[in-house]
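Those sequence lines, one after another, are chains A and B. Count the first sequence with the numbering used here and you get residues 1 to 195, in order. Count the second sequence with the numbering used here and you get residues 1001 to 1195, in order. Note that CB positions come from ideal geometry on N, CA and C, so glycine has one too. To start, the structure under review is shown below, and the notes come after it.
2 protein chains.
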Amino acid sequence: MTRNEIQDVRMRKYFIDAAKELIKGEGVVVVSTRNVAERSGYSYATIYNYFKDVRDLIFACIEDFQQECIDYIDEQTKGIKNSRKKIISITNAYIKFFCMYPGIFELFFLEKPKVISTRKSSIESIYTFFDEILEDNLVSFTNDMKLNPKEVEIISQTFKLAVHGELLFFMNRRNNETLESIIKRIDDIFNFLIK
Amino acid sequence: MTRNEIQDVRMRKYFIDAAKELIKGEGVVVVSTRNVAERSGYSYATIYNYFKDVRDLIFACIEDFQQECIDYIDEQTKGIKNSRKKIISITNAYIKFFCMYPGIFELFFLEKPKVISTRKSSIESIYTFFDEILEDNLVSFTNDMKLNPKEVEIISQTFKLAVHGELLFFMNRRNNETLESIIKRIDDIFNFLIK
DNA sequence: TTAGTTATATTAGCATTGTTAATAATATTA
DNA sequence: TAATATTATTAACAATGCTAATATAACTAA
């Protein structure tokens, strides 16, 4: 990494950090070049030297937020050994994370990726993110339960889709439920699927 | 309905129809007061005499689109008698409808309802829309299958959430799948759930 | 070290949008 | 028909994305 590239990364980080604060606070809608510039102490036009456009900056926050989500889940579930309990707890923490930061849910699942060329890989990684989080525990759980691979496949897909369907409805207040009630339903669904 | 109210409804319809065209064509993002006004032959400021703000107009399109969706599903599934096949076909048509009009999916499921006071009921109706579409067939199907109510409840909830999770991922191109592949998976999930 | 060059940052400007206030046009009513 | 109420339009403001022109800083070669 040359000296220039180091500077580049540093500058990008200033803007990304400012954008992340805004997303966590008031959501994607308040991420404007002017707002980000003000928070990072630069002029708004400077952003265009480091990002293709404002959406490129917004999508650049995804990787950081994924790591934050992983860290939160680890912290919430670190003591749990039993793989079944672990799967439930990880899922609950995953849901809670997005409830804490609706702006991150918005960025991950509701924002349309207009920037097709750039940031493609991080957008695609959202689709497999939940699978990766559960992966190890799902393997050991299905070994314990002696489920056949075909069943495991359909169960894990159904579970993943149901979790995100639930999040979709809950986050946009399409239903009038509480966090507790949707977590309970997700638990019930998991238990139903593996019974 | 007084003379004024008739005029009111007529005027609102002009703007709603224009907004609907835009949503079906290029999506919610192009629904601006200026665009709608141009298409309906009025000035943009006139819209504010009939709608609280531009989002109020956008959400006013929901009811019409729900009817269009019902009509499309009816037309696609009218010959089918067998309740199991009917449930599958209705669901497939439901998914196809949103694939034909991604802008309507956007409006139904991705738009944040900032307008809390107005349009509340139509926003909430989105949550129960899929249940209502399936309702009759689900009842006769579960009667045929002699499933107990508790099971029916969890199965239909899981199915509904999975369908919308699938739509969420597919519509925003988070995965690289085809319409056929996601419809096949939904069929598989239904068969798994009721086996 | 300093003049020329490159890289980076800022200001100014344009177009689009949501929204409101002032004004114009139309319809209604006494 | 004149006064009033309703409805539509124009003008204006602020916020935003983005670009071009300009200013500033950093670097390089004599």
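- Under the three-state reduction of DSSP output, glutamate 1111 of chain B falls in the coil class, being neither helix nor strand.
- Contact residues of the stretch 1135-1151 of chain B toward chain A are Glu1151 (C-beta to C-beta distance below 9 Å).
- The beta carbon of glutamate 1005 of chain B sits closer than 6 Å to none of the beta carbons in its chain outside the five residues before and after it.
- At least 8 Å separates the CB of aspartate 1056 of chain B from every CB of chain A.
- Rounded to the nearest whole angstrom, the C-alpha separation of phenylalanine 1105 of chain B and valine 1028 of chain B is 10 Å.
- Straight across, the Cα-Cα distance linking lysine 160 of chain A with arginine 1010 of chain B is about 45 Å.
- Taking a C-beta cut-off of 9 Å against chain A, none of the residues of the stretch 1059-1078 of chain B qualify.
- Using a C-beta cut-off of 8 Å, the stretch 1014-1025 of chain B makes contact with the stretch 1059-1066 of chain B, since at least three inter-stretch Cβ pairs fall below that distance.
- Against leucine 168 of chain A, the close residues of chain B are Phe1109, His1164, Gly1165 and Leu1168, in the order they occur along the chain (beta-carbon pairs closer than 8 Å).
- Arginine 1012 of chain B and glycine 1103 of chain B have their C-alpha atoms spaced approximately 20 Å apart.
- Within the model, the alpha-carbon separation for valine 1036 of chain B versus leucine 1147 of chain B is close to 50 Å.
- Check the Cα spacing between methionine 171 of chain A and each of B:Glu1111, B:Asn1191, B:Val1139 and B:Arg1174: the tightest is with B:Glu1111.
- Nearest in C-alpha terms to leucine 107 of chain A, of all of A:Glu177, A:Glu132, A:Ala60 and A:Lys184, is A:Ala60.
- Nearest CB-CB separation between isoleucine 1154 of chain B and chain A: below the 8 Å threshold.
- Chain A has no Cβ within less than 8 Å of the Cβ of glutamine 1007 of chain B.
- At a cut-off of 8 Å between C-beta atoms, leucine 1022 of chain B does not count as an interface residue with respect to chain A.
- The contact set of glutamate 1124 of chain B on chain A, defined by CB atoms closer than 9 Å, consists of Arg173, Arg174, Asn175 and Asn176 in chain order.
- With fewer than 16 other beta carbons inside 10 angstroms of its own, valine 1139 of chain B counts as exposed.
- Comparing alpha carbon positions, the residue from B:Cys1099, B:Gly1079 and B:Ile1088 closest to glutamate 1135 of chain B is B:Ile1088.
- Residue environment: alanine 45 of chain A is assigned as exposed (fewer than 16 neighbouring CB atoms within 10 Å of its CB, all protein chains considered).
- The beta carbon of asparagine 92 of chain A lies closer than 6 Å to those of Ile183 in the same chain, with the five residues before and after it left out.
- Arginine 1174 of chain B carries a coil assignment under DSSP once its states are collapsed to helix, strand and coil.
- Between the C-alpha atoms of glutamate 1151 of chain B and serine 181 of chain A there is a straight-line separation of about 18 Å.
- The three-state secondary structure of leucine 134 of chain A, taken from DSSP, is helix.
- For lysine 1096 of chain B, the uninterrupted alpha helix (DSSP H) run begins and ends at 1083-1100, by DSSP.
- Per DSSP, glycine 79 of chain A lies in no alpha helix (DSSP H) segment and is marked neither H nor E.
- In this model, methionine 1100 of chain B and tyrosine 1127 of chain B are separated by some 20 Å (Cα to Cα).
- Annotation for threonine 142 of chain A: Val152 place their beta carbon closer than 6 Å to its own, counting only its chain and skipping 5 residues before and after.
- Chain-ordered, the chain B residues with CB closer than 8 Å to the CB of aspartate 188 of chain A read Ile1154.
- Residue burial annotation: arginine 174 of chain A is buried, with at least 16 other C-beta atoms found within 10 angstroms of its C-beta.
- Assignment of tyrosine 42 of chain A by DSSP, reduced to helix, strand and coil, places it in the coil class.
- Nearest CB-CB separation between phenylalanine 192 of chain A and chain B: below the 8 Å threshold.
- A direct Cα-to-Cα measurement between phenylalanine 1051 of chain B and phenylalanine 169 of chain A gives close to 26 Å.
- With at least 16 other beta carbons inside 10 angstroms of its own, valine 1031 of chain B counts as buried.
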